[in-house]
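Input: a single structure, listed below in structure tokens.
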Amino acid sequence: MTPPSGVVLLTDRLVARGGLDRVVAGAVAGGVRWVVLREKDLPRAERAALAVDLRAIVADVGGTLVVAGPDPLGGDAVHLPAAGPYPPPTHSLVGRSCHNEAELNRLTTEHYATVSPVWPTKTKPGYGPPLGPDGLRKLIRTSNVPVLALGGVETPEQVTACVKAGATGVAVLGALMRAKDPTQTAATLTSAYAKAVTPKLTKPGAESPRSPRRGLRPTVPTQGSSLTARSGHGRPQPPTATKEEK
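For the sequence shown, my numbering begins at 32 and goes up steadily by one.
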């Protein structure tokens with residue numbers, strides 16, 4: 032299973048404007064293809080039922096529901112806290128929350144990690160200190176897995192800064208959960224991501240760009256891109272650079 036990329040939605044039904052189903056459906060309509068189900072305070076039966084509902088919403092566009100915690104609730108994708116369990120379970124997709132180099136160095140068979148907080152966040156006030164884009168970049172350089180930037184990501188400019196720092200995507204909670212129009216907000220953020228990862232073509236006669244540094248590079252997510260005939264909500268893929276004519 033491909034690790035998450037692009038704009039990844041984290042759920043919080045307590046702040047979801049108009050209901051969690053509505054926000055998730057709206058975000059998916061705006062281009063989101065990855066949703067992380069949190070809601071850890073719910074009894075397992077209620078949480079499992081919620082997972083079924085949200086999984087159906089994202090599955091319609093070829094998206095993926097990731098469940099926070101070691102129990103995938105009928106799926107095969109989980110996101111684990113930094114505290115454990117170790118070693119991670121052997122699911123098709125396993126992510127881990129990280130906040131510093133030591134936690135990133137503990138990763139073994141995980142497929143991706145979130146790094147937070149990049150900016151101050153209303154969801155967890157006082158959590159930090161914020162890394163900022165420079166701190167994010169430094170941690171990404173030490174990571175052996177793709178990294179999603181998390182914490183206080185609310186604007187297109189912040190999405191762009193995270194991608195430039197090397198993140199393969201951004202995890203967003205408050206900006207989408209509290210949005211008056213989650214579809215428009217998601218479309219704005221996913222558009223910023225697509226522009227940030229789209230390579231700029233070199234004009235004839237211009238100096239060739241320097242080779243990128245070693246390490247993981249962000250890519251436009253491919254999951255769900257081929258099925259948009261049904262949904263009509265796919266993100267544009269970046270153009271393939273052609274050889275310059277002599």
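Beta carbons: idealized from backbone N, C-alpha and C, even for Gly.
Alpha helix (DSSP H) segments (min. 4 residues) lying fully within the stretch 156–195: Fully enclosed alpha helix (DSSP H) runs of 4 or longer: 163–173 and 187–195.
Delimiting residues of the alpha helix (DSSP H) encompassing V83: Here residue 83 refers to the residue found at position 52 when the sequence shown is read from its first residue. Counting along the chain, the unbroken alpha helix (DSSP H) around V83 starts and ends at R75 to A90.
C-alpha gap between A225 and P116, whole angstroms: As a first step, residue 225 must be located in the sequence shown, where it is residue number 194. As a first step, residue 116 must be located in the sequence shown, where it is residue number 85. Linking A225 to P116 through their CA atoms gives a straight-line distance of about 34 Å.
Distance between L204 and L111 (C-alpha atoms, nearest Å): Taking the first residue of the sequence shown as position 1, residue 111 is located at position 80. Taking the first residue of the sequence shown as position 1, residue 204 is located at position 173. The alpha-carbon separation between L111 and L204 amounts to approximately 17 Å.
Exposure of M208, with buried meaning 16 or more beta-carbon neighbours within 10 Å: As a first step, residue 208 is located in the sequence shown; it is residue number 177 there, counting from the start. So M208 counts as buried.
3-residue-minimum beta strand (DSSP E) runs that sit fully inside the stretch 113–145, ordered along the chain: The DSSP assignment places 124–129 as complete runs of the beta strand (DSSP E) inside the stretch 113–145, in order along the chain (cut-off: 3 residues).
Neighbourhood of L85 by C-beta, 8 Å cutoff - its chain only, sequence neighbours within 5 removed: In the sequence shown, residue 85 corresponds to position 54, counting from 1. Leaving aside the five residues that flank L85 on each side, the residues in its chain whose CB is nearer than 8 Å to its CB run, in chain order, T42, L51, D52, V55, V66, L68 and L96.
One or two residues paired with V55 in a DSSP bridge: The residue you call residue 55 lines up with position 24 of the sequence shown. Note: V55 sits in no beta bridge, so no partner.
Residues near K71 by beta carbon distance below 7 Å, same chain, minus five either side: Locating residue 71 in the sequence shown gives position 40, counting from the first residue. The answer, listed in chain order, is A99 and G100.
Reduced DSSP secondary structure (H/G/I, E/B, other) of G50: Taking the first residue of the sequence shown as position 1, residue 50 is located at position 19. Coil.
Inter-residue Cα distance where the pair is R75 and P161: Start at 1 with the first residue of the sequence shown, and residue 75 comes out as number 44. Start at 1 with the first residue of the sequence shown, and residue 161 comes out as number 130. Whole-angstrom Cα-Cα distance: 33 Å.
Residue range of the unbroken beta strand (DSSP E) whose run includes L68: On the sequence shown, residue 68 is found 37 positions in, with the first residue counted as 1. Here the beta strand (DSSP E) through L68 covers W65 to L68.
For D91 and L149, the rounded distance between their alpha carbons: The residue given as residue 149 occupies position 118 in the sequence shown. The residue given as residue 91 occupies position 60 in the sequence shown. The amino acid occupying residue 149 in the given sequence is Val; Leu does not appear at that position. Their backbone Cα atoms lie some 31 Å apart in a straight line.
For T214, the three-state DSSP class (helix, strand or coil): Position 183 of the sequence shown, counted from the first residue, corresponds to residue 214. Helix.
Which of helix, strand or coil DSSP assigns to V228: In the sequence shown, residue 228 corresponds to position 197, counting from 1. In the structure shown, V228 sits in a helix (DSSP, three-state: H, G or I).
Secondary structure of G205, DSSP reduced to three states: Working through the sequence shown from its first residue, we reach residue 205 at position 174. For G205, the secondary structure class from DSSP, reduced to helix, strand or coil, is helix.
Helix, strand or coil at T221 [DSSP, three-state]: For the purposes of this step, residue 221 is taken as residue 190 along the sequence shown, with counting starting at 1. The answer is helix: DSSP assigns T221 an H, G or I state.
Beta carbon proximity, L204 to chain E, threshold 8 Å: Absence of chain E from the displayed structure is noted, only one protein chain being present.
Cβ shell of A79 (< 6 Å), same chain only, five flanking positions each side left out: Counting from 1 along the sequence shown, the entry for residue 79 is found at position 48. Taken in chain order, the residues that qualify are L104.
Identified DSSP bridge partners for A198: Indexing the sequence shown from 1 puts residue 198 at position 167. In the DSSP output, where bridge partners are listed per residue, A198 has none listed.
Rounded separation between G57 and Q215 - CA only: Numbered from 1 along the sequence shown, position 26 holds the residue referred to as residue 57. Numbered from 1 along the sequence shown, position 184 holds the residue referred to as residue 215. One C-alpha to the other measures close to 8 Å.
Residues near P187 by beta carbon distance below 8 Å, same chain, minus five either side: Translated into the one-based positions of the sequence shown, residue 187 becomes position 156. Residues T219, L220, S222 and A223 of the same chain have their beta carbon placed closer than 8 Å to that of P187, with the five preceding and five following residues left out of the count.
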